[in-house]
Structures are given as C-alpha cells and as structure tokens.
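The structure appears right after this line, and notes come after that.
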Amino acid sequence: MNYSVSMPYNDYGTWLRQRFPYKVQKISVDAGFTCPNRDGRLGTGGCIYCNNDSFNPSYCQREKSVKQQLVEGKEFFRRKYPEMRYMAYFQAFTNTYSTLDHLKSLYEEALDVEDVVGLVIGTRPDCIDDTLLDYLTQLARQTMVTLEYGIETANDDTLRLIRRGHDFQCVRDAVERTKGRGIVIGGHVILGLPGEDAEESVRQATIMSELGLDVLKIHQMQIIRGTRLAQMYAENPFHLYSPEEYSELIVRYLEHLSEDMVVERFASQSPKEMLIAPKWGLKNYELTNLIVNKMKREGRRQGSLFVSNSLAMSRSL
C-alpha cells in the first residue's frame with residue numbers, strides 16, 4: 164500500500180515519487196501507428212467511441228519525428244519545471260502494432276533524448292507477443308517500461324457492442340504473459356459505457372484488482388464528434404453521469420478496488436470543440452479534488468470493501 168498521508172487512495176503521483184528522485188512528466192508521442200480495428204485486420208473505423216484527435220496535445224503530430232515531439236514537449240513543460248524529467252508516452256492508436264525492428268527504432272529513439280527516463284506504451288491486449296515482451300524485459304532492466312493495455316471493460320457483451328475486436332480472456336492472457344518481467348503493467352478502463360450501469364462498473368472493480376495490473380487509469384464515457392457512438396447517442400440518447408453521480412461511482416469503485424492497485428487518473432478531458440457530452444466544465448484536477456474531498460469528508464478509502472473473488476467463493480462453501 165502506497166497511500167500518502169493526505170490521500171485516501173493509492174495515487175500514481177505518490178507511487179511515481181517513490182521511484183524517482185525528481186518530478187517526472189509524461190510526454191505524448193504519435194509515432195504513426197494504426198490499429199487492427201482500423202486497417203482491416205479486424206475491422207475498419209475503430210472502436211465506436213474512438214477519435215484519436217480528442218486526446219492528442221498540440222505538439223503531438225505524427226509528421227514530426229519521435230525526437231522532435233519529445234523535444235517540443237519538453238519545452239512545453241520545462242517553462243514551469245526546469246528540473247523535470249520525462250517519460251515518452253507512445254499514446255496514439257496501438258503502439259506495438261508493427262515489426263520488432265521498427266518498434267525498437269522508435270523506442271530507442273525516444274530513450275536517446277536527453278532527460279527521458281522511461282517509456283509508457285499504449286497498446287491492445289491482442290497486439291503483443293513473446294518476442295516483443297522479451298525485448299521489453301531487457302529494456303526494463305535499464306529504464307522504467309510501462310505497458311498500458313486498453314481494457315475498457317471486463318464485460319464481453321459490452322466489448323462486442325463497442326466493436327473492440329477481442330474478448331476479456333484476451334486481456335487476461337496478455338497480462339499473464341507480461342507478469343514477472345519487470346515491466347509495469349497498466350490498464351485503461353471506461354466507466355459509463357453503453358449498457359453498463361453503476362452496479363456493473365463496481366462489480367468489475369474486483370475483477371480488475373485480481374487481473375495482475377500495477378496501475379489503473381479510469382476515464383468517464385465521453386461522446387466525441389465523428390464517432391459511431393456519437394451517431395448512436397443522437398439516435399437513442401443514453402444516460403451519462405453528472406459530476407456528482409460520477410464522483411460517487413468512482414468512490415464506490417475505489418472502495419471495491421484492492422488497496423494495492425495504483426490509480427493514475429479518474430477522467431479524460433477532450434477538446435471542447437470535439438466533445439458532445441457530458442459537458443461538466445471541470446478540469447481533471449478539479450474533478451479529482453471533488454472525489455478526494457468527498458472521500459475524506461465521508462471517511463471512505465480505497466480497498467475498504469474489497470473482497471477477492473477467491474475469498475468470496477470460499478466463504479460461500
């Protein structure tokens with residue numbers, strides 16, 4: 164458990180400070196990847212909610228080299244924190260979806276940039292193999308390497324609805340193959356997907372806890388222009404959480420999440436011109452403050468209601 168004195172949950176910032184003697188910031192990189200759900204291998208058009216432009220910062224442009232994006236990202240952040248170090252965040256689309264030689268050249272180009280002290284690689288659980296994992300294992304002996312798997316949900320019905328192109332067993336298999344290699348294993352989930360209510364989300368907290376992840380990133384469901392989900396929402400609007408409803412859901416989710424799970428974030432903030440709904444008018448840190456203050460005020464903490472599935476099963480026998 165890595166709780167700071169002031170935080171009622173196991174926060175990523177505290178966890179990161181325990182590993183580095185300086186402030187560390189991620190810099191997003193668009194290395195020109197695509198996705199098997201876009202190039203025709205599994206499908207075209209991507210997942211129903213995906214418009215990659217909604218989370219790419221201005222310096223993150225695929226026509227620029229990895230090095231140039233990182234140098235410009237460093238300048239963006241260094242104005243405020245001159246002594247900062249950085250992790251190259253390969254974020255856009257599926258960042259293991261290429262040949263090993265090409266991946267090596269991109270990752271090593273990033274690590275050659277001054278003050279870059281680690282890699283975060285966003286990918287899908289169906290786009291990883293043992294050869295790449297062996298290479299990343301070697302790399303992890305020299306620097307921090309995080310594989311961030313897009314999980315989104317543990318519900319196979321929802322995975323089919325959002326056209327994810329894989330089932331939850333695929334996630335289990337990928338995480339299992341990554342364990343024990345010295346690689347930080349991250350996961351990304353979305354709360355509020357169509358067809359999933361609060362009870363279903365809370366149910367999945369236990370599943371995520373027992374998956375074998377080190378770090379979990381949570382986002383709210385957002386309706387982004389230009390997506391299939393935007394069309395579905397226009398034709399048949401479904402419930403989206405208010406900030407108050409979402410804050411309560413997050414607190415319940417955290418209560419049912421293992422206290423050992425590091426939680427990186429609670430929300431995503433898309434550009435106003437791309438966001439259809441929900442329009443909360445809150446920055447990510449403001450939402451985090453709402454959640455933390457609520458937990459402190461109500462005496463609620465991460466892991467307080469967590470019961471492992473194996474323990475629950477043994478109690479029922």
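Per the working numbering, the very first residue in the sequence shown carries number 164; after that it's consecutive.
Even glycine gets a Cβ: it sits at the ideal position worked out from N, Cα and C.
It should be emphasised that the depicted structure is a prediction, and the values quoted were computed from it without experimental measurement.
Which two residues bound the contiguous alpha helix (DSSP H) that contains residue i?
i	result
M424	Premise fails: M424 is in no alpha helix (DSSP H) and is neither H nor E.
K189	Counting along the chain, K189 falls outside any alpha helix (DSSP H), though it belongs to the beta strand (DSSP E) covering V187 to V192.
K230	V229 to R241
F256	Taken as a continuous stretch (DSSP letters only), F256 belongs to no alpha helix (DSSP H), as it is neither H nor E.
D319	D319 to L324
Y523	There is simply no residue 523 to check, as the chain begins at 164 and stops at 480 in what is shown.
Q131	Missing from the structure shown is residue 131; the chain here goes from 164 to 480 and no further.
K457	N447 to E461
E359	No alpha helix (DSSP H) holds E359; DSSP gives it neither H nor E.
Would you give the residue range spanned by the beta strand (DSSP E) that residue i belongs to?
i	result
V347	V347 to L354
I284	V279 to T286
G313	M307 to E315
A251	R248 to F253
L438	L438 to A440
V378	V378 to Q383
Whole angstroms is fine: what's the gap from residue i's alpha carbon to residue j's?
i	j	result
G444	V455	18 Å
P400	E277	48 Å
D289	L282	20 Å
V426	G466	12 Å
R169	L179	For the record, residue 169 in the displayed sequence is Ser; it is not Arg. Between S169 and L179, the C-alpha separation is close to 16 Å.
M250	Y448	20 Å
D360	L403	10 Å
F253	M437	22 Å
R326	D320	10 Å
F331	E226	34 Å
A194	Q224	8 Å
S228	R428	28 Å
M247	F183	11 Å
I439	D297	42 Å
L205	G328	6 Å
Y270	F196	13 Å
K189	V280	10 Å
F469	N258	33 Å
T262	R463	46 Å
K186	R242	14 Å
Note down, in chain order, each residue of its chain lying with its Cβ closer than 8 Å to the Cβ of residue i, except the 5 sequence neighbours on either side.
i	result
R201	T207, G208, G209 and F256
E461	V414
I348	T309, L310, Y312, V338, T341, K342, G375, L376, D377 and V378
M371	I314, A317, G350, V352, L379, L420 and M424
Y175	V378, V425, V426, E427 and R428
N214	I387, R388, G389, T390 and M437
S479	Note that S479 scores a pLDDT of 40, beneath 50, so its modelled location is shaky; the value from the coordinates is reported in the next line. There are no such residues.
Within its chain, find whatever has a CB closer than 6 Å to the CB of residue i; leave out the 5 residues flanking it on each side and keep chain order.
i	result
Y212	T390 and L392
L299	V308 and I346
G350	Y312, I314, L376 and L379
I353	E315, H382 and M384
V334	P288 and I314
A303	G345 and I346
P199	L205
Please return the same chain residues whose Cβ sits closer than 7 Å to the Cβ of residue i, not counting the five positions on each side in sequence.
i	result
A337	P288, I291 and Y312
K459	P171
P406	W443, L445, L450 and L453
L412	L354, A361, S364 and Y404
A430	H382, Q383, N447 and L450
Using a beta-carbon distance below 7 Å, is residue i in contact with chain C?
i	result
P199	Chain labels in this structure do not include chain C; a single protein chain is all it has.
Inter-stretch contact at 8 Å, needing at least 3 Cβ pairs: the region 334 to 345 / the region 383 to 403: Judged by Cβ distances under 8 Å, the region 334 to 345 makes no contact with the region 383 to 403, as fewer than three pairs qualify.
Measuring CB atoms only, is the region 361 to 370 touching the region 233 to 243, in the sense that at least three cross pairs come out at less than 8 Å? With a cut-off of 8 Å, the region 233 to 243 and the region 361 to 370 do not count as touching, because too few Cβ pairs lie within range.
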